[in-house]
Amino acid sequence: MRTKQELTAAIRRDRKAALVINAGSRRGREHCERARARLVAAGFDLLGTYRTDRPGQLEESVAAAADLKPDVLVVGGGDGTLSTAGRLLAHRDIALGLLPLGTTNNFARTVGVPLDLDDAIAVLTQGKVIDVDLGIAGERRFTNHVGVGLSADIMLRTPPRLKRVSGRLAYPLTALALLGRHRPLRATVRAGDTTHELVTHQLYVANGGFHAGRPITADADADDRLLVAYPVGGATRRGLIRATVRNAATGHRRTLRDEPFLAVGELWLETDRPARVEVDGELCGTTPIRVGVDANALRVMAAADSPDR
Numbered sequence: 001m002r003t004k005q006e007l008t009a010a011i012r013r014d015r016k017a018a019l020v021i022n023a024g025s026r027r028g029r030e031h032c033e034r035a036r037a038r039l040v041a042a043g044f045d046l047l048g049t050y051r052t053d054r055p056g057q058l059e060e061s062v063a064a065a066a067d068l069k070p071d072v073l074v075v076g077g078g079d080g081t082l083s084t085a086g087r088l089l090a091h092r093d094i095a096l097g098l099l100p101l102g103t104t105n106n107f108a109r110t111v112g113v114p115l116d117l118d119d120a121i122a123v124l125t126q127g128k129v130i131d132v133d134l135g136i137a138g139e140r141r142f143t144n145h146v147g148v149g150l151s152a153d154i155m156l157r158t159p160p161r162l163k164r165v166s167g168r169l170a171y172p173l174t175a176l177a178l179l180g181r182h183r184p185l186r187a188t189v190r191a192g193d194t195t196h197e198l199v200t201h202q203l204y205v206a207n208g209g210f211h212a213g214r215p216i217t218a219d220a221d222a223d224d225r226l227l228v229a230y231p232v233g234g235a236t237r238r239g240l241i242r243a244t245v246r247n248a249a250t251g252h253r254r255t256l257r258d259e260p261f262l263a264v265g266e267l268w269l270e271t272d273r274p275a276r277v278e279v280d281g282e283l284c285g286t287t288p289i290r291v292g293v294d295a296n297a298l299r300v301m302a303a304a305d306s307p308d309r
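According to the UniProt record's numbering, numbering within the sequence shown proceeds without interruption in unit steps and concludes at 309.
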């Protein structure tokens, strides 16, 4: 395994890359050919280009691209796409290059990759390799978050067309449609010797620093060996709406020391009834579930001035 500095030097010098684009992501179909052309124009030697259009094809394409042994595997898509790529590239001598083409692009925001396609490609040519943590939900690694409650129902019910047309608004629009019949969960969060009991419609466990395109707190990130568990509101639907608005408006001013955030390295989550779990926007089983941290598991191309612990 090369050092991060050696891998950065190889990417800048040799420009040996592979490209995977999820055409099913919000902007994937629109930018598929443009992304390939821009990478070639930037001097990258594309060992392979893969466009995925159907469920199940993404993992096959990322695995095939990684087998070509590029120095950087460039992946275009949303948080679910990048989470899949991150899981498959964990602890490998390949850097993940991000082209944020999704709806909220939380992971790209966390590591400071611009959302504009040309600016994101500039990071690949001028940036550096950093390593970040991955979360582990059960046996599944993830980049950004685990959601239990309403968010899992939203991921199940949000129409893909609505996401393409409305962007980030697709999720709150779907939430409002589902909220009238949603029942709150009684959840138990165990971390070490501490047990937290709460009743809420929504509980998140975040590895990254952003949710729904907004900062979770001013000091949450994906390179601190910590998970951030937090409910959104209490037992009432009105409380959920108020807390959602407050989190979006004030996240950049809050810290991990504030309530209701619980920053830990590992936790066990149970609910009073089996509840769907979504992992970076993909449904992944039900509660109970263990969530932990795989420290410095993933190498990512980030801006040259990005912090790296």
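Ideal Cβ positions, reconstructed from N, Cα and C, are used throughout, including at glycine. If you're wondering where the values come from, they're calculated on a predicted model, not measured in any experiment.
### Query
Going by DSSP, what residues sit across from Ala-218 in a beta bridge?
Reading the sequence shown from its first residue, position 218 is the one you call residue 218. Paired residue(s): none; Ala-218 is not in a bridge.
#### Entry: Neighbourhood of Val-293 by C-beta distance below 8 Å, restricted to the same chain and skipping five residues each side
Taking the sequence shown and counting its residues from 1, the one referred to as residue 293 is at position 293. Answer for Val-293: Asp-133, Leu-134, Gly-135, Ile-136, Asn-207, Arg-225, Leu-226, Leu-227, Gly-265 and Glu-266, listed in chain order.
### Task
Would you kindly report the start and end of the unbroken beta strand (DSSP E) that includes Thr-286?
Locating residue 286 in the sequence shown gives position 286, where the first residue counts as 1. Segment 282–286, the beta strand (DSSP E) holding Thr-286.
### Query
Would you report the Cα separation of Leu-117 and Leu-46, rounded to the nearest angstrom?
Residue 117 sits at position 117 when you count from the first residue of the sequence shown. Residue 46 sits at position 46 when you count from the first residue of the sequence shown. Rounded to whole angstroms, Leu-117 to Leu-46 spans 17 Å at the Cα level.
### Task
Determine the closest residue to Arg-190 out of Asp-71, Gly-86 and Ala-263, with distance taken between C-alpha atoms.
To locate residue 190, count along the sequence shown from 1; it is residue 190. Considering only Asp-71, Gly-86 and Ala-263, the residue with the shortest C-alpha distance to Arg-190 is Ala-263.
### Message
Please state whether the Cβ-Cβ distance between Leu-73 and Leu-96 is less than 8 Å.
### Response
One-based indexing of the sequence shown puts residue 73 at position 73. One-based indexing of the sequence shown puts residue 96 at position 96. A contact, by the Cβ cut-off of 8 Å.
### Task
Using the DSSP secondary-structure output, state which residues sit across from Ala-137 in a beta bridge.
In the sequence shown, counting from the first residue as 1, residue 137 sits at position 137. For Ala-137, which the question treats as bridged, DSSP gives the partners Arg-140 and Val-291.
#### Entry: Boundaries (first-last residue) of the beta strand (DSSP E) holding Val-228
Within the sequence shown, numbered from 1, the residue matching residue 228 stands at position 228. For Val-228, the enclosing beta strand (DSSP E) stretches over residues 227–231.
### Task
Figure out for me which residue from Leu-185, Arg-15, Arg-51 and Asn-144 has the closest Cα to the Cα of Leu-39.
Looking up residue 39 in the sequence shown gives position 39. Per the Cα distances, Arg-15.
### Message
For a test of the three-state rule: what should DSSP assign to Gly-86, helix, strand or coil?
### Response
Residue mapping note: residue 86 aligns to position 86 of the sequence shown, counting from 1. Here Gly-86 sits in helix by DSSP.
#### Entry: Short Cβ contact (8 Å threshold) for Gly-102 with Asp-67
In the sequence shown, the residue the question calls residue 102 occupies position 102. In the sequence shown, the residue the question calls residue 67 occupies position 67. Taking 8 Å as the Cβ cut-off, Gly-102 and Asp-67 do not qualify as a contacting pair.
#### Entry: Length at least 4, wholly inside the UniProt domain "DAGKc" (12–141): the alpha helix (DSSP H) runs in chain order
28–41, 57–67, 79–89, 106–110 and 117–126
#### Entry: Ordered list of beta strand (DSSP E) runs contained in the stretch 224–275, each at least 3 residues
227–231, 262–264 and 266–271
### Query
Cβ of Val-205 within 8 Å of Cβ of Val-291?
For the purposes of this step, residue 205 is identified with residue 205 of the sequence shown, where counting begins at 1. For the purposes of this step, residue 291 is identified with residue 291 of the sequence shown, where counting begins at 1. Yes, these two residues count as a Cβ contact at 8 Å.
### Query
Between the stretch 105–119 and the stretch 229–248, are three or more C-beta pairs nearer than 8 Å?
no
### Task
Kindly identify the DSSP beta-bridge partner or partners of Arg-186.
If you number the sequence shown from 1, residue 186 lands on position 186. DSSP lists Val-199 as partners of Arg-186.
### Query
From which residue to which residue does the beta strand (DSSP E) around Gly-149 run?
One-based indexing of the sequence shown puts residue 149 at position 149. Gly-149 -> beta strand (DSSP E) spans 145–149.
### Task
Output yes or no for whether 8 Å exceeds the beta carbon distance between Val-20 and Ala-90.
To locate residue 20, count along the sequence shown from 1; it is residue 20. To locate residue 90, count along the sequence shown from 1; it is residue 90. Val-20 is not a Cβ neighbour of Ala-90, given a cutoff of 8 Å.
### Task
Can you have a look at Arg-246 and say buried or exposed, based on whether 16 or more other CB atoms are within 10 angstroms of its CB?
Numbered from its first residue, the sequence shown carries residue 246 at position 246. Around the beta carbon of Arg-246, fewer than 16 other beta carbons lie within 10 angstroms, which makes this residue exposed.
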